[in-house]
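Visitor: In the working numbering, the protein residues as written are 1 to 255.
Ideal Cβ placement from N, Cα and C applies to all residues, glycine included.
1. Can you look up residue 231 in the DSSP assignment and give me helix, strand or coil?
2. Compute the Euclidean distance between the alpha carbons of residue 154 and residue 232, then round it to the nearest angstrom.
3. Please report the Cβ distance between residue 24 and residue 50, rounded to the nearest whole angstrom; I am assuming they are in contact, meaning their Cβ atoms lie under 8 Å.
4. Ignoring anything shorter than 4 residues, give me the alpha helix (DSSP H) runs that lie fully in the segment 122-174, in order along the chain.
5. Please report the Cβ distance between residue 59 and residue 116, rounded to the nearest whole angstrom; I am assuming they are in contact, meaning their Cβ atoms lie under 8 Å.
6. Tell whether a beta-carbon distance below 8 Å holds between residue 146 and residue 61.
7. Just mark residue 254 as buried or exposed, buried being the case when its beta carbon has 16 or more other beta carbons within 10 Å.
8. Taking only the alpha-carbon atoms, compute the straight-line gap between residue 112 and residue 102 and give it to the nearest angstrom.
9. Could you tell me which uninterrupted beta strand (DSSP E) segments, each at least 3 residues in length, are contained entirely in the segment 40-98, listed from first to last along the chain?
10. With distances taken from CA atoms, which of 199, 31 and 220 is nearest residue 1?
11. Is residue 37 helix, strand or coil by DSSP?
12. Cβ of residue 239 within 8 Å of Cβ of residue 189?
13. Count Cβ pairs between the segment 119-138 and the segment 219-236 that sit closer than 8 Å; are there 3 or more?
14. Express the C-alpha separation of residue 54 and residue 133 in angstroms, rounding to a whole number.
15. Just the C-alpha distance for residue 9 and residue 28, rounded to the nearest angstrom, thanks.
16. With DSSP as the reference, label residue 221 as helix, strand or coil.
17. Work out the CA separation of residue 219 and residue 72 for me, nearest whole Å.
18. Would you identify the three-state DSSP class for residue 110, choosing helix, strand or coil?
19. What's the call for residue 136, buried or exposed, on a 16-neighbour Cβ count within 10 Å?
20. Once DSSP output is grouped into helix, strand and coil, what is the label at residue 191?
21. Excluding the five sequence neighbours on either side, which residues of its own chain have a C-beta within less than 6 Å of the C-beta of residue 89, listed in chain order?
22. Name the residue from 108, 81, 157 and 47 whose alpha carbon lies nearest to the alpha carbon of residue 123.
23. For residue 144, which option in 34, 7, 41 and 242 has the closest C-alpha, if you only look at C-alpha atoms?
24. Can you tell me the Cα-Cα spacing of residue 118 and residue 217, whole angstroms?
25. Is residue 212 buried or exposed, if buried means 16 or more other CB atoms sit within 10 Å of its CB?
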């Protein structure tokens with residue numbers, strides 16, 4: 001699917017980090033982008049500078065997601081692309097100081113990262129099925145989820161986060177198969193160490209040290225490189241049901 005002025009896209013978590021870079025990349029190619037986020041200040045700032053729309057959406061709330069997706073579809077009469085970037089990752093061990101992992105915290109991470117991605121994908125897919133085809137192969141839409149290398153090499157304190165991202169990896173192929181007869185593709189990007197707001201706040205020497213853990217290139221990934229992969233997946237119709245590690249060949253250590 002070529003990204004044009006006729007492309008309608010939703011980016012969750014689009015107010016910052018990987019999501020914001022994706023919003024900018026899609027908008028720069030003319031796409032009509034809607035941001036789903038809960039950071040109104042940053043979301044409205046990004047939407048203003050990229051001629052995008054901002055929706056205050058908690059992706060773990062199925063009703064809120066359905067309402068927002070329906071609003072986008074009603075405005076543009078179609079939906080072509082969903083990029084799921086919304087996520088949280090509070091650190092917590094299975095047992096800490098003799099106390100078990102807080103059940104509510106574990107559930108919250110799963111609800112936002114995994115179930116939230118599913119809510120958005122399911123509602124977006126339904127809207128895509130109501131849209132006209134846009135390629136000779138009959139393609140209607142593309143769904144891109146964001147996992148993490150933690151899905152494969154979760155570190156100490158990442159038990160909830162790794163479980164949520166592993167779930168995203170696990171649902172990629174069956175979701176792609178579910179939607180294949182309707183002309184909707186599904187892929188997942190599993191990024192490694194990227195210069196997102198959390199890492200940007202670290203001292204320069206700490207960022208350099210983290211970057212040197214990456215085999216090549218020995219640096220932190222730039223969010224624009226994630227956005228480039230998003231655009232490539234959208235453009236390349238043969239990419240479907242695949243999880244792409246975008247990590248410079250890093251394999252995370254336990255700590």
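Guide: Concretely, from the data shown:
1. If you number the chain shown from 1, residue 231 lands on position 231. Note: residue 231 maps to helix in three-state DSSP.
2. Here residue 154 refers to the residue found at position 154 of the chain shown. Here residue 232 refers to the residue found at position 232 of the chain shown. The alpha-carbon atoms of residue 154 and residue 232 are separated by roughly 27 Å.
3. Along the chain shown, read from residue 1 onward, the residue named residue 24 stands at position 24. Along the chain shown, read from residue 1 onward, the residue named residue 50 stands at position 50. With a Cβ gap of about 6 Å, residue 24 and residue 50 count as contacting.
4. Counting whole runs of 4 or more residues, the segment 122-174 contains no alpha helix (DSSP H) stretch at all.
5. Reading the chain shown from its first residue, position 59 is the one you call residue 59. Reading the chain shown from its first residue, position 116 is the one you call residue 116. About 3 Å; that satisfies the 8 Å criterion.
6. What you label residue 146 is simply residue 146 of the chain shown in a count that begins at 1. What you label residue 61 is simply residue 61 of the chain shown in a count that begins at 1. For residue 146 and residue 61, no; Cβs fall outside 8 Å.
7. Counting from one through the chain shown, the residue named residue 254 turns up at place 254. Label assigned to residue 254: exposed.
8. For this step, residue 112 is matched to residue 112 along the chain shown. For this step, residue 102 is matched to residue 102 along the chain shown. The C-alpha of residue 102 is placed about 16 Å away from the C-alpha of residue 112.
9. Runs of the beta strand (DSSP E) lying entirely within the segment 40-98 and spanning at least 3 residues, in chain order: 53-56 and 81-84.
10. Translated into positions along the chain shown, residue 1 becomes position 1. Minimum Cα distance to residue 1 is reached at 31.
11. Here residue 37 corresponds to residue number 37 of the chain shown, with the count starting at 1. Here DSSP, grouped into helix, strand and coil, assigns residue 37 to strand.
12. Counting from 1 along the chain shown, the entry for residue 239 is found at position 239. Counting from 1 along the chain shown, the entry for residue 189 is found at position 189. Going by C-beta atoms, residue 239 is not nearer than 8 Å to residue 189.
13. Contact fails between the segment 119-138 and the segment 219-236, because fewer than three Cβ pairs, one in each stretch, are under 8 Å apart.
14. Position 133 of the chain shown holds residue 133. Position 54 of the chain shown holds residue 54. Approximately 26 Å between the Cα atoms of the pair.
15. The sequence position of residue 9 within the chain shown is 9, counting from 1. The sequence position of residue 28 within the chain shown is 28, counting from 1. One Cα belongs to residue 9, the other to residue 28, and the distance between them is close to 13 Å.
16. The residue you call residue 221 lines up with position 221 of the chain shown. Of the three classes helix, strand and coil, the one that applies to residue 221 here is strand, per DSSP.
17. For the purposes of this step, residue 72 is identified with residue 72 of the chain shown, where counting begins at 1. For the purposes of this step, residue 219 is identified with residue 219 of the chain shown, where counting begins at 1. CA-CA distance, residue 72 to residue 219, rounds to 37 Å.
18. Here residue 110 refers to the residue found at position 110 of the chain shown. Residue state, collapsed to three classes: helix.
19. On the chain shown, residue 136 is found 136 positions in, with the first residue counted as 1. Burial call: exposed.
20. In the chain shown, counting from the first residue as 1, residue 191 sits at position 191. In the structure shown, residue 191 sits in a strand (DSSP, three-state: E or B).
21. Taking the chain shown and counting its residues from 1, one reaches residue 89 at position 89. Hits under 6 Å: 161.
22. Within the chain shown, the letter at position 123 stands for residue 123. Comparing C-alpha distances from residue 123 to each of 108, 81, 157 and 47 shows the shortest one belongs to 81.
23. Within the chain shown, the letter at position 144 stands for residue 144. Minimum Cα-Cα distance from residue 144 among the listed residues 34, 7, 41 and 242 corresponds to 242.
24. Taking the chain shown and counting its residues from 1, one reaches residue 118 at position 118. Taking the chain shown and counting its residues from 1, one reaches residue 217 at position 217. Taking the CA atoms as reference points, residue 118 sits about 32 Å from residue 217.
25. As a first step, residue 212 is located in the chain shown; it is residue number 212 there, counting from the start. By the 10 Å Cβ count, residue 212 comes out exposed.
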